[in-house]
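A.B. asks: The structure's right below; bear with me while I get my questions together.
Residue numbers (this note's numbering): 377 to 676.
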């Protein structure tokens, strides 16, 4: 069917927002792959229960699909092997199944983390890069979108950042000068829908973030002021010793640690984008950082 979509990760944070934005007149057939199909909101969606690794479960849906939107990913503090099983291996299985089924387009949502100068120990970034590599080798028309930190009321990133901002003392790894460029989830969804509607499957990579970079410490200070009406007390933690300590503790205590050495190492690098046509088109309408924070803090 023309304009039929097959979406992985439809029950996740970005996926739920994307489903709410799709025009049913333009996309009358939407297949949603997931291991928890009941988490998909009611609507004109066909639920496909299954795992990325088992293409037999979703091959019939792909046979009538025009475009795959691949959002599913192992994130957070997953076991090392899970990152590579899902983000690399699962992506390869999906690509092969899509090619066999005659799918035309493939939209892969990656991460700005793949561009960090050093991703050693950061298995999420490594596995997403392998996913990008697999997409690049495919015969499909594709677009790769690399978001920065994604914010929203139920965003996993805001769960941590909001906790840091609400605390009476802000413990900050590093010097706080690392720049971030957070994007509000609605603005990211606008970019994804634009790839679909404007047929931007040109085998290109688009990095998308909010309209402005901000130093990480300045971001947390602004959020703290909105919560408490005063400046926070900021305590800087030395980054290099923390990374070394976590690397030692990971083998015996991985499941008990709140963050990994690889994740913490991301504080060393700017998470900002390189300008491109997709970002340039949407940036004037994106929420600035202060507006994002007022929305998020206002909702608690």
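We put the beta carbon where it would ideally sit given N, CA and C, even for glycine.
Report the start-end ranges of each beta strand (DSSP E) in the region 558 to 600 that is 3 residues or longer and not cut off at the edges.
C.D. replies: 580 to 584
A.B. asks: Which complete beta strand (DSSP E) runs does the region 485 to 553 hold, if anything under 3 residues is left out?
C.D. replies: 517 to 523 and 545 to 549
A.B. asks: Just to confirm the assignment, what range does the beta strand (DSSP E) spanning residue 421 have?
C.D. replies: Sequence index remark: in the chain shown, residue 421 carries index 45 (1-based). Counting along the chain, the beta strand (DSSP E) containing residue 421 begins and ends at 421 to 425.
A.B. asks: Report the rounded CA-to-CA distance for residue 513 versus residue 482, giving the unit in angstroms.
C.D. replies: The residue labelled residue 513 in the question sits at position 137 within the chain shown. The residue labelled residue 482 in the question sits at position 106 within the chain shown. Distance between the alpha carbons of residue 513 and residue 482 is about 12 Å.
A.B. asks: Which two residues bound the contiguous beta strand (DSSP E) that contains residue 612?
C.D. replies: For the purposes of this step, residue 612 is taken as the residue at position 236 of the chain shown. Residue 612 -> beta strand (DSSP E) spans 609 to 613.
A.B. asks: Determine, using beta carbons only, whether residue 636 and residue 532 come nearer to each other than 8 Å.
C.D. replies: Within the chain shown, residue 636 is the residue found at index 260, counting from 1. Within the chain shown, residue 532 is the residue found at index 156, counting from 1. A distance of 8 Å or more separates the beta carbons of residue 636 and residue 532.
A.B. asks: Taking buried to mean at least 16 other C-beta atoms within 10 Å of its own C-beta, is residue 434 buried or exposed?
C.D. replies: In the chain shown, the residue the question calls residue 434 occupies position 58. Answer is buried; the Cβ neighbour count reaches 16.
A.B. asks: Looking at residue 561: is its Cβ nearer than 8 Å to the Cβ of residue 389?
C.D. replies: What you label residue 561 is simply residue 185 of the chain shown in a count that begins at 1. What you label residue 389 is simply residue 13 of the chain shown in a count that begins at 1. Yes, these two residues count as a Cβ contact at 8 Å.
A.B. asks: Nearest-angstrom Cα distance between residue 406 and residue 465?
C.D. replies: For the purposes of this step, residue 406 is taken as the residue at position 30 of the chain shown. For the purposes of this step, residue 465 is taken as the residue at position 89 of the chain shown. Rounded to whole angstroms, residue 406 to residue 465 spans 24 Å at the Cα level.
A.B. asks: Within 10 angstroms of the Cβ of residue 522, are there 16 or more other Cβ atoms? Answer buried if so, exposed if not.
C.D. replies: Reading the chain shown from its first residue, position 146 is the one you call residue 522. Burial call: buried.
A.B. asks: Work out the CA separation of residue 396 and residue 677 for me, nearest whole Å.
C.D. replies: With the chain covering only 377 through 676, there is no way to say anything about residue 677.
A.B. asks: For residue 392, which residues does DSSP report across the bridge?
C.D. replies: As a first step, residue 392 is located in the chain shown; it is residue number 16 there, counting from the start. DSSP lists no partner for residue 392.
A.B. asks: Among residues of its own chain, excluding the 5 on either side of residue 394, which ones have a beta-carbon nearer than 8 Å to its beta-carbon?
C.D. replies: As a first step, residue 394 is located in the chain shown; it is residue number 18 there, counting from the start. Excluding its 5 nearest sequence neighbours in each direction, residue 394 has C-beta neighbours in its own chain below 8 Å: 383, 386, 445, 447, 565, 568 and 569, listed in chain order.
A.B. asks: Taking the straight line between their C-alpha atoms, what separation do you get for residue 408 and residue 473?
C.D. replies: Position 32 of the chain shown, counted from the start, is the residue given in the question as residue 408. Position 97 of the chain shown, counted from the start, is the residue given in the question as residue 473. CA-to-CA, the gap between residue 408 and residue 473 works out to about 16 Å.
A.B. asks: Using the three-state DSSP reduction, which class does residue 481 fall into: helix, strand or coil?
C.D. replies: Indexing the chain shown from 1 puts residue 481 at position 105. Three-state result, residue 481: strand.
A.B. asks: Can you name, in chain order, every residue of its own chain whose Cβ lies under 6 Å from the Cβ of residue 722, other than the five neighbours on each side?
C.D. replies: With the chain covering only 377 through 676, there is no way to say anything about residue 722.
A.B. asks: Please report how far the alpha carbon of residue 457 lies from the alpha carbon of residue 499, in whole angstroms.
C.D. replies: As a first step, residue 457 is located in the chain shown; it is residue number 81 there, counting from the start. As a first step, residue 499 is located in the chain shown; it is residue number 123 there, counting from the start. Here the alpha carbon of residue 457 sits roughly 9 Å from the alpha carbon of residue 499.
A.B. asks: Are the region 644 to 660 and the region 574 to 585 touching by the rule of at least three beta carbon pairs closer than 8 Å?
C.D. replies: yes
A.B. asks: Span of the beta strand (DSSP E) holding residue 382?
C.D. replies: Residue 382 sits at position 6 when you count from the first residue of the chain shown. Per DSSP, residue 382 belongs to the beta strand (DSSP E) from 381 to 384.
A.B. asks: Going by DSSP, which residues form a beta bridge with residue 647?
C.D. replies: As a first step, residue 647 is located in the chain shown; it is residue number 271 there, counting from the start. DSSP lists 556 as partners of residue 647.
A.B. asks: When the Cα of residue 615 is compared with those of 486, 547, 488 and 518, which residue comes out closest?
C.D. replies: As a working mapping, residue 615 is identified with position 239 in the chain shown. Out of 486, 547, 488 and 518, 547 has the C-alpha closest to the C-alpha of residue 615.
A.B. asks: Give a yes or no on whether the C-beta atoms belonging to residue 493 and residue 645 are separated by under 8 Å.
C.D. replies: To locate residue 493, count along the chain shown from 1; it is residue 117. To locate residue 645, count along the chain shown from 1; it is residue 269. Yes, Cβ-Cβ distance for residue 493 and residue 645 is below 8 Å.
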